[in-house]
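Colleague: I'd like to ask you about the structure that follows.
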Amino acid sequence: MPIPRRTLLSLALIAFALPLGATSLLAEPPTPVKAALKPDVALLIKQSTDAYRKMKSYKHTALYVIEGKDPATGETTKRETKFTLALDRPNKFVYRNDSMPLAAAVSDGKTFFNFRGGETPQYTKGDAPADFKGINIVDDVVFEPLATYLIALMLQGDALADKDVRSALEKATIKPGTTTEGGKKWVVLLMPFGQETPTEIYFNPDDHLIGRAVMRVPQFQVKVIESYENVSINKPIEASVFQYTPPAGAKQIEKFVPTQMPNDARRALPAAGEEHAVKIARK
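Position one of the sequence shown corresponds to residue 126 (our numbering), numbered consecutively onward.
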């Protein structure tokens, strides 16, 4: 599951000391009546999913950068978090926040750990499923970078497995033509995920793989950029990538209890300087 986008936007506002009252402008829209994906969107998602689900192994480091202007100085400020996503079929998997001990879901092929940090760090531990599809990433794993989550869904073979992602894709459109960014041409999917300004998902037009994502909040001069480095496809992955030990002090539990996102995201916000501490699980 991805962290609710309203929470992420609120966290971005906190990062740059912007007024929390403004988050009322970013309320979740009513759930729309289910509709089919637009034909061009459906084709793009199918092509991308087919590419990912056929991979024997995959690995990337996601760079998750929040950029904005400091209201006190007017200077541009950046905050960067790194995440690892890796899969070595049939059942070695890792999604981990590398910058701080706040989220990790790791299978070394024998044991599966699912860790969530915050004020009360907790984790579950059990036998690894026989294959990657046996890991319930929709309900059990909390992803922060949206495009990384979309890639994980595609690696499992179903980009529409998450109802919120499916709803966003049903409303998504493709930007006409191609967009040049970083010296490369991209097909850009405009995906309105629980907010007024769509997240831009960049697809390589040749191999249909996702290369970056951008979320803009122009009224607050905030931009969130997700990009990738150390991308590895169908190559051996070091065993150390799938080794994991929960942080000291974390409590082992039987299972996580999903909680519903409150109507006012500010009730769940951390103190300034702890903007990544909120990990809200929801179905």
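Don't be surprised by glycine CBs; every beta carbon is placed ideally from N, CA and C.
Straight-line CA distance for Val267 to Gly242?
Modeller: 11 Å
Colleague: If we count the other Cβ atoms within 10 Å of its Cβ and call it buried at 16 or more, is Pro155 buried or exposed?
Modeller: At Pro155 the pLDDT is 40, less than 50, meaning the model places this residue with poor confidence; the figure from the coordinates comes in the next sentence. Looking at its Cβ environment, which holds fewer than 16 other Cβ atoms inside 10 Å, Pro155 is exposed.
Colleague: If you draw a straight line from the alpha carbon of Phe367 to that of Tyr177, how long is it in whole angstroms?
Modeller: 20 Å
Colleague: Taking 8 Å as the threshold (C-beta atoms), are Ile299 and Val290 in contact?
Modeller: Cβ atoms of Val290 and Ile299: not closer than 8 Å.
Colleague: Are the beta-carbon atoms belonging to Tyr369 and Pro270 less than 8 Å from one another?
Modeller: Not a contact, by the Cβ cut-off of 8 Å.
Colleague: Answer yes if the stretch 222-229 comes into contact with the stretch 343-363, meaning at least three C-beta pairs across the two stretches below 8 Å, and no otherwise.
Modeller: Judged by Cβ distances under 8 Å, the stretch 343-363 makes no contact with the stretch 222-229, as fewer than three pairs qualify.
Colleague: Here's a check: name, in chain order, each residue in its chain whose Cβ is nearer than 7 Å to the Cβ of Gln346, leaving out the five neighbours to either side.
Modeller: Gly193 and Lys194
Colleague: If contacts are defined as beta-carbon pairs under 8 Å, then Leu210 and Ile276 qualify, I think. What distance do you get, rounded to the angstrom?
Modeller: The beta carbons of Leu210 and Ile276 sit about 7 Å from each other, so the pair counts as a contact at 8 Å.
Colleague: So, are the CB atoms of Asn216 and Ala255 less than 8 Å apart?
Modeller: yes
Colleague: Around the Cβ of Pro343, are there at least 16 other Cβ atoms within 10 angstroms (buried) or fewer (exposed)?
Modeller: exposed
Colleague: Measuring straight from C-alpha to C-alpha, what distance separates Lys235 and Ala253?
Modeller: 5 Å
Colleague: How many Å lie between Ala397 and Gly302 at the Cα?
Modeller: With a pLDDT of only 34 at Ala397, under the threshold of 50, the placement of this residue in the model should not be trusted, and no figure is reported.
Colleague: Grab me the residues of Pro127's own chain with a C-beta within less than 6 Å of its C-beta, minus the 5 sequence neighbours each way, in chain order.
Modeller: Phe268, Leu271 and Tyr274
Colleague: Would you call the CB atoms of Glu325 and Leu162 closer than 8 Å?
Modeller: With contacts defined by Cβ atoms closer than 8 Å, Glu325 and Leu162 do not form a contacting pair.
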